[in-house]
Amino acid sequence: MAEYWYNLETGVVEEGMVSPGYDRAGPFSSREEAARAPEIIAQRSREWAAEDASDDSWGGGSEGGAEAPEDDPAQR
Numbered sequence: 001m002a003e004y005w006y007n008l009e010t011g012v013v014e015e016g017m018v019s020p021g022y023d024r025a026g027p028f029s030s031r032e033e034a035a036r037a038p039e040i041i042a043q044r045s046r047e048w049a050a051e052d053a054s055d056d057s058w059g060g061g062s063e064g065g066a067e068a069p070e071d072d073p074a075q076r
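Numbering-wise, the UniProt record's numbering puts 71 at position 71 of the sequence shown, and it's gapless, one number per residue.
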């Protein structure tokens with residue numbers, strides 16, 4: 001089964017690992033899915049940001065986040 005990659009530099013969908021890894025997003029299971037890479041990446045980023053925001057409020061405290069540790073001179 002072929003894997004498709006989205007070239008972040010050129011915006012071209014490639015079959016197989018044609019470009020260097022730092023220029024590729026994927027793999028995707030179809031050429032059509034790879035063509036939607038910018039949209040998919042943006043959606044995943046929004047989902048991860050929402051998860052991070054939820055994790056940040058987990059600890060409680062007055063502002064919804066974890067309380068800051070006390071200043072320990074030994075840690076300087």
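Note that beta-carbon positions come from the ideal geometry of N, C-alpha and C, so glycine has one too.
Each residue's CA atom was taken as its position, placing residue 24 and residue 50 some 25 Å apart. If you ignore the 5 residues before and after residue 27, its C-beta comes within less than 7 Å of the C-beta of 3, 4 and 5, all in its own chain and listed in chain order.
For residue 31 against residue 13, the beta-carbon gap comes to about 5 Å, under 8 Å, which counts as contact. With a threshold of 16 other beta carbon atoms within 10 Å, residue 42 falls short and is exposed. Runs of beta strand (DSSP E) with 3 or more residues, each lying fully within the region 10 to 64, are found at 13 to 15 and 24 to 28, listed in chain order. Around the C-beta of residue 37, 16 or more other C-beta atoms lie within 10 Å, and the residue is accordingly described as buried.
Leaving aside the five residues that flank residue 54 on each side, none in its chain has a CB nearer than 7 Å to its CB.
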